[in-house]
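Quick note: the numbering used here has the sequence shown finishing at residue 218, numbered continuously throughout. Glycine included, each C-beta is placed from N, C-alpha and C at the ideal position.
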Amino acid sequence: MDGGKAKADFNGTMLEYLQAKPVPFDTIASIVKLAGMEAVFNKEDITFFAPTDYEVKQLIGSVNKPNSLNSKLYLNGKDTVKTLADIEGAIWAKYLQRHIFKGAKRLSDYPQYDPDLPAVYSGQYYYAYNKSVSKIGVVYGDVNGVKYIGYRQLTITYIRDVSKPDQSFSIYRVASSDIKPKNGVVHTLQLYGDAFGLGAYDMINDIVIR
9 MDGGKAKADF
19 NGTMLEYLQA
29 KPVPFDTIAS
39 IVKLAGMEAV
49 FNKEDITFFA
59 PTDYEVKQLI
69 GSVNKPNSLN
79 SKLYLNGKDT
89 VKTLADIEGA
99 IWAKYLQRHI
109 FKGAKRLSDY
119 PQYDPDLPAV
129 YSGQYYYAYN
139 KSVSKIGVVY
149 GDVNGVKYIG
159 YRQLTITYIR
169 DVSKPDQSFS
179 IYRVASSDIK
189 PKNGVVHTLQ
199 LYGDAFGLGA
209 YDMINDIVIR
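(1) Can you tell me whether Asp150 is helix, strand or coil according to DSSP?
(2) Looking only at C-alpha atoms, which of Leu42, Gly201 and Asp210 sits nearest to Val64?
(3) So the candidates are Tyr148, Gly111, Gln105 and Lys110; which of them puts its Cα closest to the Cα of Asp122?
(4) Taking only the alpha-carbon atoms, compute the straight-line gap between Ala101 and Val154 and give it to the nearest angstrom.
(5) May I ask which residues mark the beginning and end of the beta strand (DSSP E) holding Tyr166?
(6) Mark Arg218 as exposed unless 16 or more other C-beta atoms lie within 10 angstroms of its C-beta, in which case mark it buried.
(7) Taking 7 Å as the cut-off, decide whether the C-beta atoms of Phe56 and Ile99 are in contact.
(8) Using the rule of at least 16 other Cβ atoms within 10 Å of the residue's Cβ for burial, across every protein chain shown, is Met9 buried or exposed?
(9) Going by C-alpha distance, which of Tyr166, Tyr156, Gly131 and Asp150 is nearest Val141?
(10) What's the C-alpha gap between Asn78 and Tyr103?
(11) Would DSSP call Gly97 helix, strand or coil?
(12) Cα separation between Lys41 and Asn191?
(13) Using the Cα positions of Asp87 and Val71, report the straight-line distance between them to the nearest angstrom.
(14) According to DSSP, Thr55 sits in a beta bridge with which residue or residues?
(15) When DSSP labels each residue in this structure, what does Tyr200 get in the three-state scheme?
(16) From the DSSP output, which residues share a beta bridge with Tyr121?
(17) Val151 and Gly158 - do their beta-carbons sit closer together than 7 Å?
(18) If you draw a straight line from the C-alpha of Thr196 to the C-alpha of Ala183, how long is it?
(19) Look at Asp186 and Leu115 and say whether their C-beta atoms are less than 7 Å apart.
(20) Could you check where the alpha helix (DSSP H) with Ser79 kicks off and where it finishes?
(21) Using beta-carbon positions only, say whether Phe33 and Leu23 come within less than 7 Å of one another.
(22) Is it buried or exposed for Asp53, if we count other Cβ within 10 angstroms and need 16 for buried?
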């Protein structure tokens, strides 16, 4: 059984799909535009490991939310973010592109990954749209003690240092896979609070040090 698979294709582009789902993608659709990536989401064949609006809300946060962007900006004496447009489009593009991969891949197109047996079921490394690297693989669930016959769930891990791939520990799991607009596939990530950019700290730090 492939976990969380969507049952129907979407008769529109990937950007139109995001716009048609204001919950949970209204903010993400706006970021696509701010990042100058409308043509990519409307015309190119891509796979999108989609973060939700929740991730952006948690990333920006408030001055009272520890480790959020606004708390870091406030502590550094800088203006806080009030609208999405307060963040440079190039920054949005850089971290949004970590979620985008050229070509359309469904869950069944990815290899098995077992975090307990990575030497045997290692998943595979893929270059994202901006040439960053992530490990992607499918975790096969157990049923009544029998391994690998249950729920299948896509996972993605951003590789911060390709020379030390095993030191990347933030595994993000997909809540709903194989949503199929006309120009690609959407895999929606579970709610984490730090999943935008596959690790929100990098983006927060990038903005604060500017």
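On the basis of the coordinates in this document:
(1) Here residue 150 refers to the residue found at position 142 when the sequence shown is read from its first residue. Residue state, collapsed to three classes: coil.
(2) Position 56 of the sequence shown, counted from the start, is the residue given in the question as residue 64. Considering only alpha carbons, the answer is Gly201.
(3) Indexing the sequence shown from 1 puts residue 122 at position 114. Of the candidates Tyr148, Gly111, Gln105 and Lys110, the one whose C-alpha sits nearest the C-alpha of Asp122 is Tyr148.
(4) If you number the sequence shown from 1, residue 101 lands on position 93. If you number the sequence shown from 1, residue 154 lands on position 146. The alpha-carbon atoms of Ala101 and Val154 are separated by roughly 43 Å.
(5) Locating residue 166 in the sequence shown gives position 158, where the first residue counts as 1. In the DSSP assignment, Tyr166 falls within the beta strand (DSSP E) that extends over Arg160 to Ile167.
(6) Counting from 1 along the sequence shown, the entry for residue 218 is found at position 210. Classification for Arg218: exposed.
(7) Within the sequence shown, the letter at position 48 stands for residue 56. Within the sequence shown, the letter at position 91 stands for residue 99. No, the pair does not count as a contact, with Cβ atoms beyond the cut-off.
(8) As a working mapping, residue 9 is identified with position 1 in the sequence shown. At Met9 the pLDDT is 47, less than 50, meaning the model places this residue with poor confidence; the figure from the coordinates comes in the next sentence. That one is exposed.
(9) As a working note, residue 141 is residue 133 in the sequence shown. For the residues Tyr166, Tyr156, Gly131 and Asp150, the minimum Cα distance to Val141 belongs to Tyr166.
(10) Against the sequence shown, residue 78 aligns to sequence position 70. Against the sequence shown, residue 103 aligns to sequence position 95. Distance between the alpha carbons of Asn78 and Tyr103 is about 18 Å.
(11) Position 89 of the sequence shown, counting from 1, holds the residue named residue 97. Gly97 falls in the helix class under three-state DSSP.
(12) Taking the sequence shown and counting its residues from 1, the one referred to as residue 41 is at position 33. Taking the sequence shown and counting its residues from 1, the one referred to as residue 191 is at position 183. Taking the straight line joining both Cα atoms gives about 17 Å.
(13) For the purposes of this step, residue 87 is taken as residue 79 along the sequence shown, with counting starting at 1. For the purposes of this step, residue 71 is taken as residue 63 along the sequence shown, with counting starting at 1. If you draw a straight line from the Cα of Asp87 to the Cα of Val71, it is about 11 Å long.
(14) Position 47 of the sequence shown, counted from the start, is the residue given in the question as residue 55. Answer by DSSP bridge pairing, in chain order: Phe109 and Val193.
(15) By one-based count along the sequence shown, residue 200 stands at place 192. Three-state result, Tyr200: coil.
(16) Translated into positions along the sequence shown, residue 121 becomes position 113. Ser130, per the DSSP bridge assignment.
(17) Looking up residue 158 in the sequence shown gives position 150. Looking up residue 151 in the sequence shown gives position 143. Contact flag set, yes.
(18) As a position in the sequence shown, residue 196 is number 188, starting the count at 1. As a position in the sequence shown, residue 183 is number 175, starting the count at 1. Near 6 Å, if we compare the C-alpha coordinates of Ala183 and Thr196.
(19) Position 178 of the sequence shown, counted from the first residue, corresponds to residue 186. Position 107 of the sequence shown, counted from the first residue, corresponds to residue 115. The answer is yes: Cβ separation under 7 Å.
(20) As a working mapping, residue 79 is identified with position 71 in the sequence shown. Taken as a continuous stretch (DSSP letters only), the alpha helix (DSSP H) holding Ser79 covers Leu77 to Leu83.
(21) Taking the sequence shown and counting its residues from 1, one reaches residue 33 at position 25. Taking the sequence shown and counting its residues from 1, one reaches residue 23 at position 15. No; because the gap between Cβ atoms is not below 7 Å, this pair is not in contact.
(22) Here residue 53 corresponds to residue number 45 of the sequence shown, with the count starting at 1. Exposed, since its Cβ has fewer than 16 Cβ neighbours within 10 Å.
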